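Structure first, then comments.
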Amino acid sequence: MHDFEAVIGLEIHVELSTASKIFCSCPTTFGAEVNTQCCPVCLGLPGSLPAMNRKAVEYTVKTGLALNCRIAQHTWFDRKNYFYPDLPKAYQVSQQDAPLCTGGCLEIPMGEKGTKKVGINRVHLEEEVGKSLHAGETIIDAVYSLLDYNRAGIPLIEIVTEPDIRSAEEAQVFLESLRNIVRYIEVSDCKMQEGSLRCDANISLRPKGSTVFGTKTEIKNLNSFRAVRRALEYEIKRQAGVLKDGLAVEAETRHWDEQKGITIAMRSKEHASYYRCFADPNLVPLDLAAEWIGQMEAELPELPGARRQRFIDGYGLPEYDAQVLTSSKEMADFFEEVVKGYNDPKTVSNWIMTDILRHVKDQDEETEGIPLAPASLVELLQLIEQGTINRNQAKEIVLPEMFEDGKSPRQIVKEKGLEQISDTSQLEGVIASVLEANPDVVQDYLGGREKVMGFLVGQVLKETKGKANPRLVNEMIREKLKQ
Amino acid sequence: MSVTKQEIKRLGEMIYLDLTDGESVRFADLLNLVLKKADDLLSGLKDKPLRHISQLRNRMREDGVGIPLPKEKVLANAAETQDGCFRVPRILED
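These protein sequence lines are chains A and B, in that order.
For the first sequence, the positions run 1 to 483 when this note's numbering is used.
For the second sequence, the positions run 484 to 577 when this note's numbering is used.
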């Protein structure tokens, strides 16, 4: 990719975690039996009237505020008309012309390159559509489709970025940062595997240095962050190939095939879709008073950026540690809980960033947080500090068991008989025999080669099957050789 | 506001009417006459055109869960059902 620059914009849909739907009191529980969370309003039966859920509006505004958007003082809801069976009303209530939030930005971490601002074009509120199950390999092959309207009418926000993203990696980092913020403000659980966060990507290429946009394609069916990254990497290569051959990129919607690792043309986008939008006469417009917006702003929790700075200033952590720890709310909460019980922030940070994250990474990327109680890490660290077990035992034996069985560190230490030997009378005999068996090494030490101490301690550990307290052994050998 | 021959052609495509160039020009001219009338009317108005019929604002409900319809009632008017779902004919793209 020496000749072209990728220009990427994302459209992200996030289901809001309200208890009831946007216009009716039907529950929004995921995984309920099909068509059991429906009523005349969300089924679009004649004569039914929608009533806006206040929390859906508040969650949208809070998202906008967290993304540094301007909040509209006056807004309304449009009917976006299109004929498709996942919409029982044959229109979707959306905000084509008057989005609640516009003109924001999100600063994303770019490693050594610092940070990058990605513009947010809009955040608007709309209703989720029903779920279609197509009887066939693809929608085109299907002979019929089955519709479940449990999902229809769940409040949904659409977040549209400016075309500021320049690589597949940046797109992934942006999505991770966005998900983090949305989870921090607790307006959605953002579970991609349950469809509560979905992403479409628009991508075009242009010669490096050019300011003119190329023809873009839209990629759909991106069901994980990994899929977003892989699909964009593929599409960048594909479009570059087309352009290098002197051909034109077709304006089209493309489907990401996860198994084959390719994008496939779905339909042409030669003409922009026309939805015949007009203001929904059944939903009254909203005037958002400055006091109400101010109240919602005051209710926002500490956001990742502010928390990162507090971790640096308050706990004295390096910037890198603070960045990693605040990259998810669950992890930052876990860190703070552990520090309450074991007041050595850097040690706690080291444990989380290395050993704990290594175990967490083995899980699915969607798994939330750390599946350990903060109190159990506190207990583990105390066991090391008290000399009951050494660090190696803690890392190699106790921690994996904690993840696997959920047992307490003390219980694991007891069951496995890992208590260190800290009784000098038990160690004296072993030390004496190790020194006797290694006269040359002893002479080296006495001759000034301090380094051989490690070997001698190691021999004692070997004899005691790793149970001897290494610090105590070290002290005892030194004492013995002084005599 | 006015429309072009190309816009009329596109409008025709959307409703599956294959318009000739001559027809597109003729319909554009006719529609532009109507649009001109509308412009004349609007230019005489002191206030902005009404976007929404209701003068009410901010009518919202609290986020409370109620009881949904029983599944049998949900599906009662379905032409066809299968596995508790509405069964619909194959979905065709344009």
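Here a beta-carbon is modelled for each residue, glycine too, at the ideal position from N, C-alpha and C.
None of the values given here were measured: they were computed from a predicted structure.
Determine the extent of the beta strand (DSSP E) in which residue i is found, giving its start and end residues.
i, result
"residue 103 of chain A", "101-109"
"residue 400 of chain A", "Careful: residue 400 of chain A lies outside any beta strand (DSSP E), inside the alpha helix (DSSP H) at 399-405."
"residue 133 of chain A", "131-134"
"residue 158 of chain A", "155-161"
Checking the sheet assignment: what are the DSSP bridge partners for residue i?
i, result
"residue 199 of chain A", "A:12 and A:222"
"residue 118 of chain A", "A:106"
"residue 52 of chain A", "B:543"
"residue 6 of chain A", "A:205"
"residue 93 of chain A", "A:79"
"residue 501 of chain A", "Summary: the structure shown does not reach residue 501 of chain A, with chain A confined to residues 1 through 483, and so no result is reported for it."
"residue 22 of chain A", "Residue 22 of chain A pairs with nothing; no bridge assigned."
"residue 254 of chain A", "A:219 and A:265"
"residue 323 of chain A", "In the DSSP output, where bridge partners are listed per residue, residue 323 of chain A has none listed."
"residue 564 of chain B", "B:569"
"residue 27 of chain A", "A:20"
Can you give the Cα-Cα distance for residue i and residue j, rounded to whole angstroms?
i, j, result
"residue 492 of chain B", "residue 511 of chain B", "9 Å"
"residue 106 of chain A", "residue 415 of chain A", "50 Å"
"residue 466 of chain A", "residue 428 of chain A", "16 Å"
"residue 530 of chain B", "residue 524 of chain B", "12 Å"
"residue 442 of chain A", "residue 375 of chain A", "44 Å"
"residue 1 of chain A", "residue 451 of chain A", "Summary for residue 1 of chain A: the model assigns pLDDT 47, below 50, so the residue's position carries little reliability, and this model does not support an answer."
"residue 118 of chain A", "residue 263 of chain A", "25 Å"
"residue 454 of chain A", "residue 304 of chain A", "44 Å"
"residue 121 of chain A", "residue 171 of chain A", "16 Å"
"residue 10 of chain A", "residue 505 of chain B", "42 Å"
"residue 277 of chain A", "residue 350 of chain A", "54 Å"
"residue 150 of chain A", "residue 123 of chain A", "24 Å"
"residue 103 of chain A", "residue 396 of chain A", "50 Å"
"residue 401 of chain A", "residue 108 of chain A", "36 Å"
"residue 48 of chain A", "residue 152 of chain A", "15 Å"
"residue 20 of chain A", "residue 189 of chain A", "15 Å"
"residue 84 of chain A", "residue 332 of chain A", "43 Å"
"residue 279 of chain A", "residue 346 of chain A", "56 Å"
"residue 22 of chain A", "residue 97 of chain A", "19 Å"
"residue 143 of chain A", "residue 571 of chain B", "9 Å"
"residue 46 of chain A", "residue 39 of chain A", "12 Å"
"residue 574 of chain B", "residue 231 of chain A", "26 Å"
"residue 564 of chain B", "residue 267 of chain A", "29 Å"
I need the DSSP call for residue i, collapsed to helix, strand or coil.
i, result
"residue 144 of chain A", "strand"
"residue 424 of chain A", "helix"
"residue 63 of chain A", "helix"
"residue 82 of chain A", "coil"
"residue 215 of chain A", "coil"
"residue 123 of chain A", "strand"
"residue 551 of chain A", "In this structure chain A extends from 1 to 483, so residue 551 of chain A is not present and cannot be described."
"residue 355 of chain A", "helix"
"residue 286 of chain A", "strand"
"residue 441 of chain A", "helix"
"residue 347 of chain A", "helix"
"residue 1 of chain A", "Low confidence applies here, because residue 1 of chain A scores a pLDDT of 47, under 50, leaving its location unreliable and the question unanswered by this model."
"residue 295 of chain A", "helix"
"residue 569 of chain B", "strand"
"residue 304 of chain A", "helix"
"residue 165 of chain A", "strand"
"residue 278 of chain A", "strand"
"residue 530 of chain B", "coil"
"residue 128 of chain A", "coil"
"residue 577 of chain B", "Here the model assigns residue 577 of chain B a pLDDT of 47, short of 50, so the residue's position is not dependable and the matter cannot be decided."
"residue 313 of chain A", "helix"
"residue 655 of chain B", "Because residue 655 of chain B is not part of the residues shown, which for chain B are 484 to 577, the question remains open."
"residue 374 of chain A", "helix"
Would you mind reading off the limits of the alpha helix (DSSP H) that contains residue i?
i, result
"residue 461 of chain A", "453-463"
"residue 473 of chain A", "470-482"
"residue 340 of chain A", "329-341"
"residue 489 of chain B", "488-497"
Quick check: is the beta carbon of residue i nearer than 8 Å to any beta carbon in chain C?
i, result
"residue 164 of chain A", "Absence of chain C from the displayed structure is noted, the protein chains being A and B."
#### Entry: Given 8 Å, three or more beta-carbon pairs between the region 327-347 of chain A and the region 371-385 of chain A
Segments in contact, yes.
### Task
Would you check if there are 3 or more beta carbon pairs closer than 8 Å linking the region 528-545 of chain B to the region 53-70 of chain A?
Output reads yes: the region 53-70 of chain A touches the region 528-545 of chain B.
### Query
Quick check: the region 298-317 of chain A against the region 146-162 of chain A, are there 3 or more CB pairs under 8 Å?
Segments in contact, no.
### Task
Could you tell me whether the region 493-503 of chain B touches the region 241-261 of chain A, where touching means 3 or more Cβ pairs closer than 8 Å?
The region 493-503 of chain B vs the region 241-261 of chain A: no contact.
### Message
Check whether the region 81-99 of chain A and the region 323-332 of chain A are in contact - that is, three or more C-beta pairs closer than 8 Å.
### Response
These segments do not touch.
### Task
State whether the region 5-19 of chain A contacts the region 108-115 of chain A, with contact taken as three or more CB pairs (one from each stretch) at a distance under 8 Å.
Contact fails: fewer than three Cβ-Cβ distances are below 8 Å.
### Message
For the region 384-395 of chain A against the region 455-475 of chain A, do three or more pairs of beta-carbon atoms, one drawn from each stretch, fall closer than 8 Å, so that the two count as touching?
### Response
Put simply, the region 384-395 of chain A touches the region 455-475 of chain A. At least three CB pairs are less than 8 Å apart.
### Message
Could you check whether the region 74-83 of chain A touches the region 128-136 of chain A, counting it as contact only if at least three pairs of C-beta atoms, one from each stretch, sit closer than 8 Å?
### Response
Output reads no: the region 128-136 of chain A does not touch the region 74-83 of chain A.
### Message
Closer than 8 Å is the cut-off here; do at least three beta carbon pairs connect the region 205-219 of chain A with the region 18-37 of chain A?
### Response
No: the two stretches stay apart, fewer than three of their Cβ pairs being nearer than 8 Å.
### Task
Count the C-beta pairs between the region 534-541 of chain B and the region 279-297 of chain A that are closer than 8 Å, then say yes if the count reaches three, no if not.
These segments touch.
#### Entry: At least three beta-carbon pairs within less than 8 Å, the region 194-207 of chain A to the region 225-239 of chain A
Contact holds between the region 194-207 of chain A and the region 225-239 of chain A, because three or more Cβ pairs, one in each stretch, are under 8 Å apart.
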